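Visitor: Before I ask anything, let me first share the structure, which is written out below as C-alpha cells.
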Amino acid sequence: MSIRKALTIAGSDSGGGAGIQADIKTFQELGVFGMSALTAVTAQNTQGVHSVFPMSPGELGKQIEAVALDLRPDAIKTGMLWSAEMIEEIVQQLEEHDLKVVIVDPVMIAKGGASLLNDEAVETLKRRLLPRAFAATPNIPEAEVLTGRRIQTMDDRKKAAEDLHKLGVRYPIIKGGHLPEKKTVTDLLFDGETFIEITNPFIETKHTHGTGCTFSAALTAQIAKGSDIHEAFEIAESFVHMAVANGLNIGSGHGPTNHFAYKQRSMREG
Ligand code: PXL
Numbered sequence: 324m325s326i327r328k329a330l331t332i333a334g335s336d337s338g339g340g341a342g343i344q345a346d347i348k349t350f351q352e353l354g355v356f357g358m359s360a361l362t363a364v365t366a367q368n369t370q371g372v373h374s375v376f377p378m379s380p381g382e383l384g385k386q387i388e389a390v391a392l393d394l395r396p397d398a399i400k401t402g403m404l405w406s407a408e409m410i411e412e413i414v415q416q417l418e419e420h421d422l423k424v425v426i427v428d429p430v431m432i433a434k435g436g437a438s439l440l441n442d443e444a445v446e447t448l449k450r451r452l453l454p455r456a457f458a459a460t461p462n463i464p465e466a467e468v469l470t471g472r473r474i475q476t477m478d479d480r481k482k483a484a485e486d487l488h489k490l491g492v493r494y495p496i497i498k499g500g501h502l503p504e505k506k507t508v509t510d511l512l513f514d515g516e517t518f519i520e521i522t523n524p525f526i527e528t529k530h531t532h533g534t535g536c537t538f539s540a541a542l543t544a545q546i547a548k549g550s551d552i553h554e555a556f557e558i559a560e561s562f563v564h565m566a567v568a569n570g571l572n573i574g575s576g577h578g579p580t581n582h583f584a585y586k587q588r589s590m591r592e593g
C-alpha cells in the first residue's frame, strides 16, 4: 500500500513544540507523510510568543492549492487560523479541490496568553469550518467559547459535545486537561450516538507546550491511515500521554512534549 499523506494548515512555532512543527513530527512518528500550509509565522520559545507574522490569505490559499492539485492529502488538520479571512480562504480551497476529511483543532490562545485567533474569527469558524469538520478537538475553554456554555461537570461536557455535533462536527472530542479530576484527566468523544471517555493519569509537569496540536495531529495521522474514529482516538490519547510522561526537559519555560516516546515504546515492545 502506498504511503498515506496528511496536510496541516497551521502556524509555525519557531520553538518546535507546537504548531506545524508538532504536527509534522507527529505525522512522521506515526508513519504518515506530512505536508504544511502556513497561516502565520510565530517567533517563540518555551517562555512565550515574541511576535506573530500572519501570511496573506492569498498566499495561504496557494499553498493549499499546490498540495491539493498534486499530492492529494488523505486527511487535513487545521490549527492556528488567525483571522476570518484566512478561514474563508481555507473553506474556498476545501470546496474547490474537494478536500473532505478535515480535523479542526480550534486553537485560540497560546499557553502564555497570546491570542492565536481574532475574536471576530470565532463566528466564521463556527459557521464555515465546523460544519465541514470530520472531527474537532477543543479543550474546555475553547468548547465554552464555541458553544457559549459554561463547562464544569461531565454532563456539561456531554451537552457541549452534542452542541458541536449540531453545529456539524461529525465527531467532537472535548479534552479535559483544563479540568483535571484529582489524579486523572478524561477526554470525551461523541460519535453521534454514544459518549466514549478515555481517562489517563494526570501528569504533574510544566512541559505541556503543544499537547493540543500533538493530540490532534496524531488523530489526523490515524484517520489518514484508515483508522476509524474510535481507534484513532485511542492511539492519539496514547501518543500524547507518552509524549507528556516522557518529557524532554528542554527550555526554561513551558517545554515541548516528547514526540519520540510513542514510537520508541512500540519498537521496544515489538
Ligand atoms: O498550542 C497551540 C498553538 C498552535 N499553533 C501555534 C502555537 C501554539 C501555541 O503556542 O504557537 C503556532
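If you count the sequence shown from 1, position 41 lands on 364 in the working numbering, and the numbers rise without skipping.
Ideal placement from N, C-alpha and C gives every residue a C-beta, glycine not left out.
Note that the structure is predicted; figures quoted are calculated from it, not measured.
1) Quickly, what does DSSP pair residue 299 with across the bridge? List them, please.
2) Which residue comes first and which comes last in the beta strand (DSSP E) that contains residue 381?
3) Kindly examine the ligand PXL and report whether one of its heavy atoms sits closer than 7 angstroms to the Cβ of residue 604.
4) Report the start-end ranges of each beta strand (DSSP E) in the segment 424-449 that is 3 residues or longer and not cut off at the edges.
5) Please classify residue 529 as buried or exposed, where buried requires at least 16 neighbouring CB atoms within 10 angstroms.
6) Give the range of the beta strand (DSSP E) segment to which residue 520 is assigned.
7) Cβ of residue 362 within 8 angstroms of Cβ of residue 347?
8) Ends of the beta strand (DSSP E) at residue 414?
9) Do residue 584 and residue 569 come within 8 angstroms of each other at the CB atom, strictly closer than that value?
10) The ligand PXL and residue 430: does any heavy atom of the ligand fall closer than 7 angstroms to the residue's C-beta?
11) Any heavy atom of the ligand PXL closer than 7 angstroms to the beta-carbon of residue 438?
12) Helix, strand or coil for residue 553? Go by DSSP, reduced to three states.
13) Hey, out of 536, 552 and 551, whose CA is closest to residue 567's CA?
14) How far does the alpha helix (DSSP H) with residue 543 in it reach, from first residue to last?
15) Between 407, 515 and 541, which has its C-alpha nearest residue 493's C-alpha?
Guide: For this structure:
1) Any answer about residue 299 is impossible in this case: the structure gives the chain only from 324 up to 593.
2) For this step, residue 381 is matched to residue 58 along the sequence shown. No beta strand (DSSP E) holds residue 381; the alpha helix (DSSP H) holding it covers 380-393.
3) What is shown of the chain runs 324 to 593, which leaves residue 604 out entirely.
4) 425-427
5) Locating residue 529 in the sequence shown gives position 206, where the first residue counts as 1. It counts as exposed.
6) Within the sequence shown, the letter at position 197 stands for residue 520. Where residue 520 is concerned, the enclosing beta strand (DSSP E) stretches over 518-524.
7) Along the sequence shown, one-based indexing puts residue 362 at 39. Along the sequence shown, one-based indexing puts residue 347 at 24. No.
8) Translated into positions along the sequence shown, residue 414 becomes position 91. Unbroken run through residue 414 is the alpha helix (DSSP H), 407-419; no beta strand (DSSP E).
9) One-based indexing of the sequence shown puts residue 569 at position 246. One-based indexing of the sequence shown puts residue 584 at position 261. Result yes, Cβ atoms of residue 569 and residue 584 sit closer than 8 angstroms.
10) Here residue 430 corresponds to residue number 107 of the sequence shown, with the count starting at 1. Yes, the ligand PXL has a heavy atom inside 7 angstroms of this Cβ.
11) As a first step, residue 438 must be located in the sequence shown, where it is residue number 115. Every heavy atom of the ligand PXL is 7 angstroms or more from the Cβ of residue 438, so no.
12) The count along the sequence shown starts at 1 and reaches residue 553 at position 230. Looking at residue 553 - three-state DSSP - the assignment turns out to be helix.
13) Your numbering for residue 567 matches position 244 in the sequence shown. Comparing Cα positions, the closest option is 536.
14) Residue numbering aside, residue 543 sits at position 220 when the sequence shown is read from its first letter. From DSSP, the alpha helix (DSSP H) with residue 543 extends over 534-547.
15) Taking the sequence shown and counting its residues from 1, the one referred to as residue 493 is at position 170. For residue 493, the nearest C-alpha among the options comes from 515.
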